[in-house]
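Here is the structure we will look at.
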Ligand code: PMP
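In UniProt numbering, the protein residues as written are 2 to 362.
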């Protein structure tokens, strides 16, 4: 229905077109208020309704239990790498499982505030086994989808020693259900599956509130943010509004006889299946991640002959397939196929892959 190109950016990333259209239509006058959402007081009744609905829809979509608070914060995933230890570690022990670039960064940042132990580590191609966890750790950190490496946990670890699990789910948040039984705290930036950059979502179990270190900035103290319903300071109002529209878009999505989060998850499974099958069927391309932890969201791949990389990217762009260049630390290509990427976008990519191989292979 659209002439826009397909955008495979890792984030900020493609958004659902109906949401962008609605934002455009409401830009000058939201709901007859005479104001853009950008111009409203965050404490007015208009924005209050926007935030309340966004939170309720998100809670419903992800089936967030009543004993979890949802916080709309700022600071991004990297901000949370400091904010989490400031709130949960009490300066004590933190265990981190390193599965790629983002969890490695989390370990390094937490080290400024806590006694960090890397419980297991891998090179970004599989989830390591044999974790050496400490029973007296204040929490265990994992990144459940490594955006750069393309490694995803398809099952959350089940920690049996009562230590809370913290998950950085930035790049697959809202793409699948979360098993809250296994989670103490989840965080993620909005700019992949949810909306514009500038909004960070935090889901925190209530018993983990109230333990912040003295040096924790007040605006980043989860207990303060929760007590003030994400309004201790001015929240990222416009980003929350767009995120709220994305939640409504997910809720009404129909796919393969499913609706809402189940529909988006099934669509993500099908999209990823299509792309990995095409890569695996070819000797011209290669994905190096172990089959049991390949990401549904971020698919890094390599051309066997990397001298063709620039030609590949230029031809892809001509075909309306944007931002396929891999992260500089990994090289090669990466297709990020978040919630808003339609099946047709992946089909177009697959047909380009095959066509490019036929001409250059
Ligand atoms: N964690 C993960 C898994 C990410 O993908 C990213 C961003 N790509 C970050 C953390 C950092 O997020 P931000 O740039 O919002 O600080």
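C-beta: ideal position from N, C-alpha, C; glycine also. Because the structure is a prediction, the values reported are computed rather than measured.
Could you please give the first and the last residue of the uninterrupted alpha helix (DSSP H) stretch that includes residue i?
| i | result |
| --- | --- |
| residue 225 | 223 to 228 |
| residue 281 | 262 to 281 |
| residue 117 | Note, residue 117: premise wrong, no alpha helix (DSSP H); beta strand (DSSP E) at 116 to 122. |
| residue 179 | Unbroken run through residue 179: none, as it is neither H nor E. |
| residue 111 | 102 to 111 |
| residue 60 | 46 to 62 |
| residue 83 | 77 to 89 |
Beta carbon of residue i: closer than 6 Å to some heavy atom of ligand 1?
| i | result |
| --- | --- |
| residue 172 | yes |
| residue 150 | no |
| residue 169 | yes |
| residue 79 | yes |
| residue 101 | no |
| residue 125 | no |
| residue 327 | no |
| residue 190 | yes |
Who are the near neighbours of residue i in its chain, counting only those whose CB is closer than 6 Å to its CB and skipping five residues on each side?
| i | result |
| --- | --- |
| residue 225 | 219, 233 |
| residue 269 | 176, 297 |
| residue 154 | 145 |
What are the start and end residues of the beta strand (DSSP E) that includes residue i?
| i | result |
| --- | --- |
| residue 204 | 201 to 206 |
| residue 140 | 140 to 144 |
| residue 5 | Neither: residue 5 is in no beta strand (DSSP E) and is coded neither H nor E. |
| residue 99 | 94 to 99 |
| residue 248 | Not the beta strand (DSSP E): residue 248 falls in the alpha helix (DSSP H), residues 238 to 253. |
| residue 301 | 299 to 304 |
| residue 72 | 69 to 74 |
| residue 167 | 166 to 169 |
| residue 188 | 186 to 190 |
Label residue i either buried or exposed according to how many other C-beta atoms from any shown protein chain fall within 10 Å of its C-beta, with 16 as the threshold for buried.
| i | result |
| --- | --- |
| residue 237 | buried |
| residue 324 | buried |
| residue 330 | exposed |
| residue 301 | buried |
| residue 125 | buried |
| residue 39 | exposed |
| residue 363 | Because the chain spans 2 through 362 in this model, residue 363 falls outside it and cannot be assessed. |
Excluding sequence positions up to five away, which residues of its chain have a Cβ less than 8 Å from the Cβ of residue i?
| i | result |
| --- | --- |
| residue 349 | 7, 320, 321, 322 |
| residue 316 | 353, 357 |
| residue 250 | 17, 19, 20 |
In chain order, what residues of the same chain have a beta carbon less than 7 Å from the beta carbon of residue i, not counting five sequence neighbours either side?
| i | result |
| --- | --- |
| residue 235 | 43 |
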